[in-house]
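Quick note, the sequence shown lines up with residues 3 to 186 if you use my numbering. The structure under discussion appears below in the form of structure tokens.
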Amino acid sequence: QTGFGRTGKMFAVEHTGVRPDILVMAKGIASGLPLSAIAAPRSLMEKWEPGSHGGTYGGNAVACAAALATLRVLREEKLLDNARERGEELMAGLEELQGRYDSIGEVRGLGLMVAAEFVGPDRQPHKALAKEVIHQAMDRRMLLLSCGTFDNVIRLIPPLVVKPEEIERGLTIFEESLAAAMQR
């Protein structure tokens with residue numbers, strides 16, 4: 003979920019300064035078609051005997067063509083830049099809401115992989131509120147998912163092509179949904 007521009011960089015590991023020995027990728031490489039890849043220095047890749055490593059997600063010609071097209075679109079449409087810029091807008095909007103609603107415990111994210119945690123007055127996880135926000139958002143035609151150990155976190159993961167006005171509309175719906183959920 004963190005690859006191919008989602009976090010505003012090609013791979014999330016680039017935010018850490020860590021250089022992995024081996025990078026494994028799938029799903030996003032071909033826009034959801036079945037394809038995976040392994041990237042590693044030649045010195046490591048040469049240690050495998052030819053034909054000794056394979057998988058069910060490698061070599062499909064259509065998926066390979068989709069991967070090339072995906073990489074081209076990411077570059078030509080500057081989608082990593084868009085993920086960074088729209089992600090900053092989304093984070094700023096959620097942080098502004100956090101300042102007005104005590105029930106938003108934490109806002110976190112990188113690029114277009116953002117989350118808001120919901121807590122009760124005791125600052126403990128509030129799963130029921132998160133679920134009600136999701137329900138209210140669905141009534142307003144915005145689909146959200148919960149996650150986290152206590153299921154009290156809502157993920158906001160818009161597509162890489164999201165426009166500023168869509169971020170603004172999403173934040174409006176999110177606030178309307180939260181306000182309605184708190185009335186219940």
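For every residue, glycine included, the Cβ atom is placed at its ideal position computed from N, Cα and C.
Tell me the DSSP bridge mates of residue i?
| i | result |
| --- | --- |
| S10 | Inspection of the sequence shows that residue 10 is occupied by Gly rather than by Ser. Paired residues: none, contrary to the question. |
| I40 | V26 |
| V116 | G111 and L158 |
| G5 | F13 |
| P127 | V121 |
Just to confirm the assignment, what range does the alpha helix (DSSP H) spanning residue i have?
| i | result |
| --- | --- |
| F176 | P166 to Q185 |
| A63 | A63 to E78 |
| L96 | L81 to R102 |
For residue i, name the three-state secondary structure that DSSP assigns.
| i | result |
| --- | --- |
| M144 | coil |
| V121 | strand |
| G30 | helix |
| L158 | strand |
Between the options, which has its C-alpha nearest residue i's C-alpha?
| i | options | result |
| --- | --- | --- |
| A182 | L147, M140 and L158 | M140 |
| D23 | L46, E134, A67 and R8 | L46 |
| L92 | I40, E16, P166 and Q126 | P166 |
| H128 | G95, G7 and M184 | M184 |
| E119 | T151, G56, A65 and G113 | T151 |
| E1 | G111, V75 and L147 | Outside the shown range of the chain (3 to 186) lies residue 1, about which nothing can therefore be said. |
| R61 | I40, K80, R74 and K49 | Looking at the sequence provided, one finds Gly at residue 61 rather than Arg. Checked all of I40, K80, R74 and K49; the closest Cα to G61 is I40. |
| R186 | G113, V135, R21 and T18 | V135 |
| P161 | G30, T18, A14 and E16 | G30 |
| E78 | I156, N154 and G7 | G7 |
| L158 | P123, L131 and G113 | G113 |
| D124 | M115, G107 and K133 | G107 |
| R154 | I175, S105 and S179 | It should be noted that the sequence gives Asn, not Arg, for residue 154. Checking every option, the nearest Cα to that of N154 belongs to S105. |
| A94 | V116, K11, G5 and T58 | V116 |
If you follow the beta strand (DSSP E) that residue i is part of, which residue opens it and which one closes it?
| i | result |
| --- | --- |
| L112 | I106 to L112 |
Measure from the C-beta of residue i to each C-beta in chain D and report whether the shortest distance is under 8 Å.
| i | result |
| --- | --- |
| M47 | Annotation note: the requested chain D is absent from the structure, which comprises a single protein chain. |
Does the ligand SAH have even one heavy atom less than 7 Å from the beta-carbon of residue i?
| i | result |
| --- | --- |
| G89 | With respect to the ligand SAH, the structure shown offers nothing to examine, as it has no ligands at all. |
| query | When the Cβ atoms of the segment 26-39 are set against those of the segment 66-81, are three or more pairs found closer than 8 Å? | reply | yes
| With contact counted as at least three CB pairs below 8 Å, one residue from each stretch, are the segment 90-105 and the segment 137-157 in contact? | no
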